[in-house]
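>
There are 2 protein chains.
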Amino acid sequence: MVLSKACTYGILASLYMAREATRSKDYISIGRMSKELNISFHFLTKILQQLTSAGILISMKGPKGGVALKRKPEEISLVDIVVAIDGMGLFTECLLGLPGCGEEKPCPVHDDWANIRAKLFHTFRGKNLAETASRIDSMNLRLSSEFPMNI
Amino acid sequence: MVLSKACTYGILASLYMAREATRSKDYISIGRMSKELNISFHFLTKILQQLTSAGILISMKGPKGGVALKRKPEEISLVDIVVAIDGMGLFTECLLGLPGCGEEKPCPVHDDWANIRAKLFHTFRGKNLAETASRIDSMNLRLSSEFPMNI
DNA sequence: TGAAAATAAGATAAACGGGTCTCAAAATAA
DNA sequence: TTATTTTGAGACCCGTTTATCTTATTTTCA
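Protein chains in written order, with numbering that gives the first Met the number 0: chain A, 0 to 150; chain B, 0 to 150.
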């Protein structure tokens, strides 16, 4: 798996929040999100706690509480979410796992992989939550794994 | 991790074998390879058994036994090894893990990821063991994680 | 002020990947 | 034929990730 499960859930939830943020300024309940995105509530809670302590979300307890994006969705890139949960490893590590692989002492596939992982980084660094989420409605995309439903 | 540990070990061992194959026609002992590549013998054995049953290697028991590439190193691509061990998932699955994500019902990052994973596939499909292994000597590359040594 | 609603936090469990160990089977060579 | 060397196959262990469960803690609102 390229991204951990936690990371994909974090991205889906962030896109969900970006979409909601265009409609209201309220906090979004994790319980509601977990139902609509078909993600285990407790697991999602922990992931969003990570995003909160990474400074990407803010949270509020109590009735009317929940989580919300701290900055504007246009200012948050998909890479921000990935890095907050999975770290930079995907964009820095050797494909063959050789420690210290780099320009000076490359592994046999270093150049190819460095090229692809840079493309990966720049592509997803250039995708912000607002634009990505807005395409969900206009292009009839999907966020949930629930089959018939397209949240 | 993009490739499983087993898969990276399989690639390193395959490159090692491709390199040896240019020098002799003998079987290569897994014990020797595990020492030179710094990979656990029993674990490497299991991985090479997978490559054997996938038809990429042939094996021979007993003294003077070991494993060898079944086809010529020029005819084996890195993708062959990846697919034999990790399967096609890396090249087919949705980055966000949504089942059934595709052209008809794409996830919000489908197009970008499909583009990158296709590039990944074609890049490593185009790299054969012979050419990749030959660069190890000529360009002073590395196969092992043992630090000072460059096998 | 108290009940309810929500996140926070931590213990626990299940699943999986990575890795070890043991014994069997086959081939060689003395 | 027998000892040795090698791969084959499976059970087993350990740590991390994924997921669940329970118990605070905070906030709102009647």
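Note that CB positions come from ideal geometry on N, CA and C, so glycine has one too. Keep in mind it's a predicted model, so treat the numbers as computed, not measured.
#1: Go ahead and pull the three-state DSSP assignment for V66 of chain A.
#2: So which residues of chain B does I115 of chain A contact, with C-beta pairs closer than 8 Å?
#3: Which residues in chain A sit within 8 Å of V1 of chain B, going by Cβ to Cβ distance?
#4: Going residue by residue through the stretch 41-103 of chain B, where are the continuous alpha helix (DSSP H) segments of at least 4 residues, counting only ones entirely within it?
#5: Looking at the C-beta of T21 of chain A, does it have a partner C-beta in chain B at a distance below 7 Å?
#6: State the Cα-Cα distance for the pair N139 of chain B and A113 of chain B, rounded to the nearest angstrom.
#7: Helix, strand or coil: how does DSSP classify N37 of chain A here?
#8: Got a sec? Which residues, its chain only, sit under 8 Å from I29 of chain A by beta carbon, not counting five neighbours each side?
#9: In the DSSP assignment, find the alpha helix (DSSP H) that holds R22 of chain A and state where it starts and stops.
#10: Could you spell out where the alpha helix (DSSP H) holding P114 of chain B opens and where it closes?
#11: 7 Å is my cut-off, CB to CB: does K104 of chain B come that close to chain A?
#12: Thinking C-beta only, is S13 of chain B closer than 7 Å to I84 of chain B?
#13: Closest to A17 of chain A by CA distance: which of A:I75, A:H109, A:C93 is it?
#14: Buried or exposed, going by whether 16 or more other CB atoms sit within 10 Å of the CB of M32 of chain B?
#15: Check the C-beta distance from L95 of chain B over to V82 of chain B and give it rounded, since I have them as a contact under 8 Å.
#16: Taking the DSSP output, what are the residues bridged to I135 of chain A?
Once the coordinates are examined:
#1: V66 of chain A falls in the strand class under three-state DSSP.
#2: By Cβ distance, chain B contributes I115, K118, L119, T122.
#3: Those are V1, L89, L94, listed as they occur along chain A.
#4: Restricting attention to alpha helix (DSSP H) runs no shorter than 4 residues, the stretch 41-103 of chain B encloses them at 77-85, 88-91, ordered along the chain.
#5: Under the Cβ distance rule, T21 of chain A does not count among the residues neighbouring chain B, no pair being separated by less than 7 Å.
#6: Their Cα atoms are separated by approximately 34 Å.
#7: For N37 of chain A, the secondary structure class from DSSP, reduced to helix, strand or coil, is coil.
#8: Shown here for I29 of chain A: same chain residues with a beta carbon closer than 8 Å to its own, the five before and five after excluded, namely F40, L43, T44, L47, G65, V66 in chain order.
#9: Counting along the chain, R22 of chain A falls outside any alpha helix (DSSP H), and DSSP gives it neither H nor E.
#10: Note that residue 114 of chain B is Asn in the sequence shown, not Pro. Here the alpha helix (DSSP H) through N114 of chain B covers 109-124.
#11: Interface residue, yes.
#12: 7 Å or more divides the Cβ of I84 of chain B from the Cβ of S13 of chain B.
#13: Of the candidates A:I75, A:H109, A:C93, A:I75 places its Cα closest to the Cα of A17 of chain A.
#14: Buried.
#15: Wrong, their Cβ atoms sit about 22 Å apart, outside the cutoff.
#16: Note: I135 of chain A sits in no beta bridge, so no partner.
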